[in-house]
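Just below is one structure, and these are the notes that go with it.
In mature numbering (1 follows the signal peptide of the UniProt record, and there is no 0), the protein residues as written are -24 to -1, 1 to 261.
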């Protein structure tokens, strides 16, 4: 309980930072997105899972740094059913990151080599899903971010200290020796995030995405040691708004790819590896 309370306090503090930051906003970009794919996976499930994903994403800068917020609402097909139902499960996954830039705080960037500045990043993830497993992920992270100096777009490389708490609603998790609620061991997360616009002839494009490498985080609900986890979620998008009616950064359409290994630290079971191609759509407000 003490660890959970600390996580809640950290989340509350970060939320207050986000709210105060908005008062001094210098730039922002908000979009509503949609992704669709038929090759997703879930641990313990040997079937490919179809998912329709609605996304709300916001990035903004302010006097001392920047904020990033993303909410995915994922609707599975009946291959991944809701608890006591033949219909697909629904999941909500929220992520928030805040960067405090050295150069904006102290008046001069901490630049060296290809690095244009250094930031301190902190954030949290929250999720819930109405499946039989009934996960309730609570994740907090903090660490340095190197902000690379590239001609256009951005490239950030971060190393986080991370903690995670989660829940298992399966009956097997209630058996002696197992656990319904787990406080995982502290672990490190290596993160790369990028967004690079470019032109291919007359076509305005952008390549965007992120990569996470999570170290092992100790035992899971059944006393099994977790293994390192790798996740890449990327997309190549075309600015159809600029091409068709002359409004740039309004409507983007493209293809995405999700690569996931040892999903949630699971291994040696079906559904822990994902290779999913997606259709992606963004409408920037």
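For glycine and all other residues, C-beta sits at the position ideal for the given N, C-alpha and C.
What you are looking at is a predicted structure, and each value in this text was computed from that prediction instead of being measured.
When the Cα atoms are used, residue 133 and residue 49 turn out to be separated by approximately 26 Å.
Within the region 109 to 145, the runs of beta strand (DSSP E) that reach at least 3 residues and sit entirely inside it are, in chain order, 114 to 124 and 130 to 143. A contact is defined here as three or more CB-CB pairs under 8 Å, and the region 32 to 40 fails this definition with respect to the region 58 to 69.
Between residue 144 and residue 199, the alpha-carbon positions lie close to 13 Å from each other.
Taking 8 Å as the cut-off, the beta carbon of residue 204 is found no closer than this to the beta carbon of residue 225. When DSSP states are grouped into helix, strand and coil, residue 95 belongs to the strand group. In the three-state reduction of the DSSP assignment, residue 241 falls in the helix class, which pools H, G and I.
For residue 91, the closest alpha carbon among the candidates 221, 19, 255 and 126 is that of 126. If only uninterrupted beta strand (DSSP E) runs of at least 3 residues are considered, those enclosed by the region 134 to 209 are 157 to 159, 163 to 176 and 179 to 190. In the three-state DSSP reduction, residue 40 falls in the coil class, being neither helix nor strand. About 5 Å separates the beta carbons of residue 45 and residue 72, which is inside the 8 Å limit, making them a contact pair. Rounded to the nearest angstrom, the Cβ distance from residue 249 to residue 17 is 7 Å, consistent with a contact under 8 Å. In this structure, residue 122 sits away from residue 81, with a CB-CB distance that is not shorter than 8 Å. For the pair residue 193 and residue 162, the Cα-to-Cα distance works out to about 6 Å. A distance below 7 Å between beta-carbons, with the five flanking residues on each side excluded, links residue 25 to the following residues of its chain, in chain order: 16, 17, 18, 52, 53, 55 and 56.
DSSP places residue 216 in the uninterrupted alpha helix (DSSP H) bounded by 216 to 221.
Contact annotation: the region 204 to 215 touches the region 174 to 194, with at least three C-beta pairs closer than 8 Å. Residues of the same chain with a CB within less than 7 Å of the CB of residue 20, apart from the 5 flanking positions on each side, are 245, 246 and 247 in chain order. Collapsing the DSSP output to three states places residue 248 in coil. Under the criterion of beta carbons closer than 8 Å, residue 213 and residue 256 qualify as touching, at roughly 6 Å. Between residue 187 and residue 168, the C-beta spacing is below 8 Å.
In its chain, beyond the 5 residues on either side, 181 have a beta carbon closer than 8 Å to the beta carbon of residue 175.
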